[in-house]
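Okay, so here's the structure we're looking at.
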Amino acid sequence: MRIFELSTPVISISNKVGIVPIVGQVDEYNSSNFAERIMMQAKNLELSCLIIDLSGVPSIDAMMTNELFQVVKMLDLLGIDAIITGIRPEIALTAVQLGIDLDKLRTYGKLKDAVNKLLH
0 MRIFELSTPV ISISNKVGIV PIVGQVDEYN SSNFAERIMM QAKNLELSCL
50 IIDLSGVPSI DAMMTNELFQ VVKMLDLLGI DAIITGIRPE IALTAVQLGI
100 DLDKLRTYGK LKDAVNKLLH
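Using numbering that gives the first Met the number 0, read the sequence shown as starting at 0 and increasing by one per residue.
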């Protein structure tokens, strides 16, 4: 299944905060289309923060993990703070094995924790 078939649009939950829930098995995808769609929607909504929720992703391969963190960097270049929620142990392990710089990345175990922090 392709990620652009799985991904839903950016959902605005406030004037400046949006969520992208990713659901399903992710194995093949068009990463540039995924990244472009997320960036364009977040920019059009004038978001300052975008939560990428991986709670609905049972597993993820190294290529997708790398692409996901590239999207985070691209959003940063647009001035949009990215937060990732629902990271499973396999994703964390893959990110560390790939040497992805996680120093600036904000993560939360649960989507509701990130939303509570941002909206209260």
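Don't be surprised by glycine CBs; every beta carbon is placed ideally from N, CA and C. Keep in mind the model is a prediction, meaning the values are calculated, not measured.
Taking the Cβ atoms as the reference, I82 lies roughly 5 Å from I50, within the contact range of under 8 Å. For V22, the closest C-alpha among the options F33, L117, L53, N14 is that of L53.
Rounded to whole angstroms, the separation of the alpha carbons of I59 and N65 is 10 Å.
The Cβ-Cβ distance between I90 and T106 does not fall below 7 Å.
Judged by DSSP in its simplified three-state form, I83 adopts strand. In this structure, DSSP gives D52 an extended state, which the three-state scheme calls strand. The three-state reading of DSSP puts V70 in helix, counting H, G and I together. In this structure, L117 sits away from V19, with a CB-CB distance that is not shorter than 7 Å. Contact annotation: A41 and I79 have beta-carbon atoms nearer than 7 Å.
Setting aside the 5 residues that flank it on each side, L46 is surrounded in the same chain by V9, S11, K15, V16, G17, I79, each with a C-beta closer than 8 Å to its C-beta; the list follows chain order. V71 is the residue among G55, V56, V71, C48 whose C-alpha sits nearest the C-alpha of E35.
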